[in-house]
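Down below is the structure, laid out as structure tokens.
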Amino acid sequence: MNDQHSYYETMYILRPDIAEDQVTNHIDKYNKLLEEFGGTILDSQMRGKRRLAYQIAKHREGIYVQLSHQGDGQHIFKIEKAMRLSEDVIRYMTVKQEGPLPTPRPSTKSSAQTSDQENSENKVESKEKQPVVSTDTSTSGKGDTETKQNPES
Numbered sequence: 012m013n014d015q016h017s018y019y020e021t022m023y024i025l026r027p028d029i030a031e032d033q034v035t036n037h038i039d040k041y042n043k044l045l046e047e048f049g050g051t052i053l054d055s056q057m058r059g060k061r062r063l064a065y066q067i068a069k070h071r072e073g074i075y076v077q078l079s080h081q082g083d084g085q086h087i088f089k090i091e092k093a094m095r096l097s098e099d100v101i102r103y104m105t106v107k108q109e110g111p112l113p114t115p116r117p118s119t120k121s122s123a124q125t126s127d128q129e130n131s132e133n134k135v136e137s138k139e140k141q142p143v144v145s146t147d148t149s150t151s152g153k154g155d156t157e158t159k160q161n162p163e164s
């Protein structure tokens, strides 16, 4: 059986000065448009505000959104046209991917908070299981290098 599937990833950058509720409105809008045009959404993630490599339309930062989807390919032209006509989208790019389909990640804030709590609990447990090497913190790294360089003194 062939585990390799083809799907598309669209990354688009929104203006950094729009409100957070407008960002979610744009994400929902493009997700709904994609489904209306015959595509299937595999995963949709907001990657957050990041600094751009170069200035685009007088903006130095942008809000990145990644959208993984499947379809016949005709839906891409329609979704990109909608992005091109929007003033809030400053860049977009769609790439065809080969490989295993991406697994959707939960995007709710409550699940992110519980996973952060679980991660902090796991860190505490792992620190307790590690053997203590040295509790003396009075020596500095500079003194250690001097003794290694000149062991006779």
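The C-terminal position of the sequence shown is numbered 164 in the numbering used here, with every residue numbered one higher than the one before it. We treat Cβ as the ideally placed atom computed from N, Cα and C, and that holds for glycine. From a predicted model like this one, the values you see are computed outputs, not experimental measurements.
Backbone CA spacing between residue i and residue j [nearest angstrom]
i, j, result
"I24", "H16", "26 Å"
"I67", "K60", "14 Å"
"Q108", "S79", "9 Å"
"P27", "K40", "18 Å"
"Y65", "L45", "29 Å"
"H37", "L96", "13 Å"
"F48", "M94", "14 Å"
"N42", "G110", "22 Å"
"I29", "E72", "12 Å"
"I87", "T35", "21 Å"
"H70", "E98", "13 Å"
"E31", "G84", "30 Å"
Counterpart residues of residue i in DSSP-defined beta bridges
i, result
"G110", "H16"
"T21", "L78 and T105"
"T51", "Q81"
"R61", "G73"
"Q56", "Q77"
"I29", "Looking at the DSSP assignment, I29 forms no beta bridge with any residue, so it has no partner."
"I67", "H70"
CB-CB length for residue i against residue j, believed under 8 Å
i, j, result
"T114", "Y19", "Between Y19 and T114 the Cβ distance is about 16 Å, and since that is not below 8 Å, they are no contact."
"I90", "T21", "7 Å"
"L53", "L112", "6 Å"
"G50", "Q81", "7 Å"
Contact test: residue i Cβ vs the ligand NAP heavy atom, cutoff 7 Å
i, result
"M104", "This structure does not include the ligand NAP; it has no bound ligands of any sort."
- request: Would you list, in sequence order, the uninterrupted beta strand (DSSP E) runs of no fewer than 3 residues that lie entirely inside the segment 69–102?
  value: 70–81
message: Assess contact between the segment 91–102 and the segment 51–60, defined as three or more Cβ pairs (one per stretch) separated by less than 8 Å. Is contact present?
response: no
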